[in-house]
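Below is one structure, written out as structure tokens; the observations come after it.
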Amino acid sequence: MNKKWWKESVVYQIYPRSFNDSNGDGIGDLRGIIEKLDYLKELGIDVIWLSPVYKSPNDDNGYDISDYQNIMDEFGSMEDFDEMLSEAHKRGMKIMMDLVVNHSSDEHKWFVESKKSRDNKYRDYYIWKPGKDGKEPTNWESFFSGSTWKYDKNTDEYYLHLFSKKQPDLNWENPKLRRAVYDMMDWWLSKGVDGFRMDVINFISKDQAYLDGEVHKGKKYGDGAKYCMNGPRVHEFLQEMNREVLSKYDIMTVGETPGVNPEIAKKYVGENRNELNMVFQFEHMDLGSGPNGKWSDLPWKLTELKAIMSKWQKGLEGDGWNSLYWNNHDQPRVVSRFGNDKEYRVKSAKMLATCLHMMQGTPYIYQGEEIGMTNVAFDSIEEYKDIETLNMYNEAVNEQGKDHEEVMKGIYGRGRDNARTPVQWDDSENAGFTTGKPWINVNSNYKEINCKKALEDKNSIFHYYKKLIDIRKNNDIVVYGRYDLILDDHEKIYAYTRTLEDEKLLVICNFSEQTSEFKLPEDITYNSKKLVISNYEVDDCNIEEFTLKPYEARVYNFKK
Ligand code: NOJ
Numbered sequence: 064m065n066k067k068w069w070k071e072s073v074v075y076q077i078y079p080r081s082f083n084d085s086n087g088d089g090i091g092d093l094r095g096i097i098e099k100l101d102y103l104k105e106l107g108i109d110v111i112w113l114s115p116v117y118k119s120p121n122d123d124n125g126y127d128i129s130d131y132q133n134i135m136d137e138f139g140s141m142e143d144f145d146e147m148l149s150e151a152h153k154r155g156m157k158i159m160m161d162l163v164v165n166h167s168s169d170e171h172k173w174f175v176e177s178k179k180s181r182d183n184k185y186r187d188y189y190i191w192k193p194g195k196d197g198k199e200p201t202n203w204e205s206f207f208s209g210s211t212w213k214y215d216k217n218t219d220e221y222y223l224h225l226f227s228k229k230q231p232d233l234n235w236e237n238p239k240l241r242r243a244v245y246d247m248m249d250w251w252l253s254k255g256v257d258g259f260r261m262d263v264i265n266f267i268s269k270d271q272a273y274l275d276g277e278v279h280k281g282k283k284y285g286d287g288a289k290y291c292m293n294g295p296r297v298h299e300f301l302q303e304m305n306r307e308v309l310s311k312y313d314i315m316t317v318g319e320t321p322g323v324n325p326e327i328a329k330k331y332v333g334e335n336r337n338e339l340n341m342v343f344q345f346e347h348m349d350l351g352s353g354p355n356g357k358w359s360d361l362p363w364k365l366t367e368l369k370a371i372m373s374k375w376q377k378g379l380e381g382d383g384w385n386s387l388y389w390n391n392h393d394q395p396r397v398v399s400r401f402g403n404d405k406e407y408r409v410k411s412a413k414m415l416a417t418c419l420h421m422m423q424g425t426p427y428i429y430q431g432e433e434i435g436m437t438n439v440a441f442d443s444i445e446e447y448k449d450i451e452t453l454n455m456y457n458e459a460v461n462e463q464g465k466d467h468e469e470v471m472k473g474i475y476g477r478g479r480d481n482a483r484t485p486v487q488w489d490d491s492e493n494a495g496f497t498t499g500k501p502w503i504n505v506n507s508n509y510k511e512i513n514c515k516k517a518l519e520d521k522n523s524i525f526h527y528y529k530k531l532i533d534i535r536k537n538n539d540i541v542v543y544g545r546y547d548l549i550l551d552d553h554e555k556i557y558a559y560t561r562t563l564e565d566e567k568l569l570v571i572c573n574f575s576e577q578t579s580e581f582k583l584p585e586d587i588t589y590n591s592k593k594l595v596i597s598n599y600e601v602d603d604c605n606i607e608e609f610t611l612k613p614y615e616a617r618v619y620n621f622k623k
């Protein structure tokens with residue numbers, strides 16, 4: 064297998080708005096990040112993925128960019144950015160930028176121009192269409208509720224926005240737009256940034272027919288996904304981007320790609336494709352989705368999770384590379400979702416970390432995950448800030464008359480603000496995140512769950528993550544070993560092996576709050592065994608057959 068630094072790295076995602084506020088305005092900032100670089104170094108991560116820090120009116124917290132080459136006022140200045148980059152590099156950590164180029168903000172100068180007239184020279188930087196029979200050009204539904212089209216009276220046309228009205232889609236069919244994007248990327252790379260996480264990058268090529276999508280039962284709008292995701296020219300565009308920019312630097316790239324399976328993913332990340340290093344797939348995140356998408360928040364089964372993870376581990380084996388994640392700024396907290404955030408919070412957070420970090424791929428840790436931060440349940444909808452959540456609530460409750468409690472249940476389970484409450488640094492007011500009023504309320508459990516406490520307690524989740532990272536660093540098998548699922552149908556235990564030459568890792572995780580009986584399959588043999596890590600004290604017992612405690616995780620190393 065081709066060895067690469069980004070295969071051997073562990074990434075930590077910072078959502079700057081909620082990370083650390085240095086100036087008391089209630090909003091995290093770049094100087095706040097600089098203050099915490101030593102904390103990240105202590106954890107042992109290699110790369111920071113920085114969610115967008117560019118100028119933005121913050122309709123979608125920075126995922127709506129109005130100037131790609133300037134820093135958002137609330138976050139600081141370009142000097143602060145340069146200092147942060149150089150301080151990170153000094154400590155041996157890299158910075159991967161978020162690249163949001165499926166759309167910009169409607170306040171970007173390109174769009175301001177584009178709107179002015181049909182013959183403006185920036186008109187074709189965006190996707191404008193005439194109405195159809197006095198209605199929107201297609202029936203597609205936006206990811207943030209409502210139509211994907213907004214009518215502009217001035218030029219009597221509609222523009223496309225797959226996300227909010229303030230996030231118009233860029234027109235990748237236009238070579239001038241593509242050139243402008245590549246130049247901007249090049250500008251950041253020549254500054255010394257170490258890569259890009261590319262926001263919904265598999266949406267950039269749209270099917271030019273602009274056909275109506277299927278209207279699913281109970282829906283007002285049609286589903287345009289198949290005309291926008293993995294579109295006809297997406298690989299051509301990414302290969303061009305690779306040729307023009309990416310290939311000139313030793314960097315890391317990860318594409319956010321909803322709606323891919325391993326077959327499709329290989330086209331983006333296959334070793335000889337010259338596109339991206341890895342993608343974020345969503346199949347495990349979609350567990351429990353139902354008629355109302357993720358908001359249905361239905362029960363899920365461990366056997367389904369195992370099947371999905373294993374499909375990806377085997378699907379990209381030898382060609383392509385996985386990104387491994389349980390969490391990000393769009394997902395609920397994993398300990399609340401797949402673990403137990405009450406009685407077994409610490410045990411289950413460690414178990415989940417073990418399960419993920421021993422797989423093949425590059426692991427991503429989302430801020431606060433390393434201390435087992437949990438979901439939040441604010442009393443009133445007014446406390447929520449996320450545009451996706453608020454638009455959905457408004458449509459469901461105010462337009463469709465759905466029950467408030469029912470809708471809140473979905474938000475508690477799956478809303479994006481679960482991940483966006485401020486990082487809990489200590490037990491002082493506002494969890495030490497800010498001396499001002501935080502832009503979003505702090506989770507009330509910060510006195511119990513915080514970084515200060517975690518650092519002081521050698522049995523904490525933080526120290527466990529640190530150990531997992533260290534194990535990866537010192538054992539090639541964790542990075543490059545082959546993955547094989549065992550006990551496929553077991554409903555409580557997720558167990559697998561990793562194999563590299565004559566060495567094997569055996570990873571055993573109990574996903575249940577009950578005890579579970581483990582039985583080692585007979586074809587797994589060894590001459591010597593060693594316990595690598597565990598979340599309970601383990602006696603050197605017979606591992607051919609034993610009882611796992613609630614949420615217990617163990618990793619053994621076998622030698623022939
Ligand atoms: C995916 C990002 O992760 C999410 O936060 C954002 O709202 C959408 N893309 C639109 O940029």
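For reference, each letter of the sequence shown is one residue, going 64 to 623 in my numbering.
We put the CB at the ideal spot given by N, CA and C, even for glycine.
How is residue i classed by DSSP in three states: helix, strand or coil?
i, result
"residue 387", "strand"
"residue 272", "coil"
"residue 537", "helix"
"residue 188", "helix"
"residue 561", "strand"
"residue 284", "coil"
"residue 297", "helix"
"residue 545", "strand"
"residue 220", "strand"
"residue 159", "strand"
"residue 102", "helix"
"residue 356", "strand"
"residue 302", "helix"
"residue 529", "helix"
"residue 480", "helix"
For residue i, list the residues DSSP reports as bridge partners.
i, result
"residue 375", "Residue 375 is not bridged to any residue."
"residue 336", "BP columns for residue 336 are empty, so no partner."
"residue 462", "Paired residues: none, contrary to the question."
"residue 620", "568 and 593"
"residue 52", "Absent from the model: residue 52. The displayed extent of the chain is 64 to 623, so no value can be given."
"residue 341", "317"
"residue 204", "210"
"residue 117", "134"
"residue 112", "76 and 159"
"residue 198", "195"
"residue 608", "582"
Measuring only the C-alpha atoms, how far is residue i from residue j?
i, j, result
"residue 380", "residue 149", "35 Å"
"residue 562", "residue 545", "5 Å"
"residue 119", "residue 172", "12 Å"
"residue 598", "residue 423", "21 Å"
"residue 437", "residue 344", "23 Å"
"residue 540", "residue 567", "8 Å"
"residue 141", "residue 175", "24 Å"
"residue 273", "residue 578", "54 Å"
"residue 185", "residue 162", "21 Å"
"residue 472", "residue 316", "36 Å"
"residue 132", "residue 121", "16 Å"
"residue 54", "residue 212", "A query on residue 54 cannot be resolved here, the shown segment of the chain reaching from 64 to 623 and no further."
"residue 518", "residue 556", "30 Å"
"residue 146", "residue 230", "30 Å"
"residue 441", "residue 505", "10 Å"
"residue 366", "residue 475", "24 Å"
"residue 383", "residue 179", "44 Å"
Between which two residues does the beta strand (DSSP E) containing residue i stretch?
i, result
"residue 591", "591-597"
"residue 259", "258-261"
"residue 454", "Unbroken run through residue 454 is the alpha helix (DSSP H), 450-456; no beta strand (DSSP E)."
"residue 441", "Careful: residue 441 lies outside any beta strand (DSSP E) and carries neither H nor E."
"residue 582", "579-582"
Identify the continuous alpha helix (DSSP H) that holds residue i and give its terminal residues.
i, result
"residue 615", "That residue, residue 615, is in no alpha helix (DSSP H); it is neither H nor E in DSSP."
"residue 417", "408-420"
"residue 238", "238-254"
Assess, as a yes-or-no matter, whether the region 607-621 is touched by the region 409-416 under the definition of 3 or more beta carbon pairs within less than 8 Å.
-> Yes, the region 409-416 is in contact with the region 607-621.
Cβ contact (3+ pairs, closer than 8 Å) linking the region 204-218 and the region 236-255 | For the pair of segments examined, the region 204-218 was found not to touch the region 236-255: the number of CB pairs separated by less than 8 Å stays below three.
Do the region 498-518 and the region 533-547 make contact, defined as three or more Cβ pairs closer than 8 Å?
-> When Cβ pairs closer than 8 Å are counted between the two stretches, the region 498-518 is seen not to touch the region 533-547, the count staying below three.
Tell me, please, whether the region 390-404 touches the region 414-428 by the rule of three or more beta-carbon pairs shorter than 8 Å.
-> Output reads yes: the region 414-428 touches the region 390-404.
When the Cβ atoms of the region 300-318 are set against those of the region 241-256, are three or more pairs found closer than 8 Å?
-> Below 8 Å, enough C-beta pairs join the region 300-318 and the region 241-256 to call them touching: three or more.
Any chance the region 257-274 sits against the region 153-162, with 3 or more Cβ pairs inside 8 Å?
-> Pairwise C-beta distances place the region 257-274 in contact with the region 153-162, as three or more of them are shorter than 8 Å.
Would you say the region 182-196 touches the region 217-225, given that touching needs at least three Cβ pairs under 8 Å?
-> Counting Cβ pairs under 8 Å, three or more are found: they touch.
Say whether the region 481-494 touches the region 72-88, bearing in mind that this needs 3 or more beta-carbon pairs closer than 8 Å, one atom from each stretch.
-> Verdict: yes, contact present.
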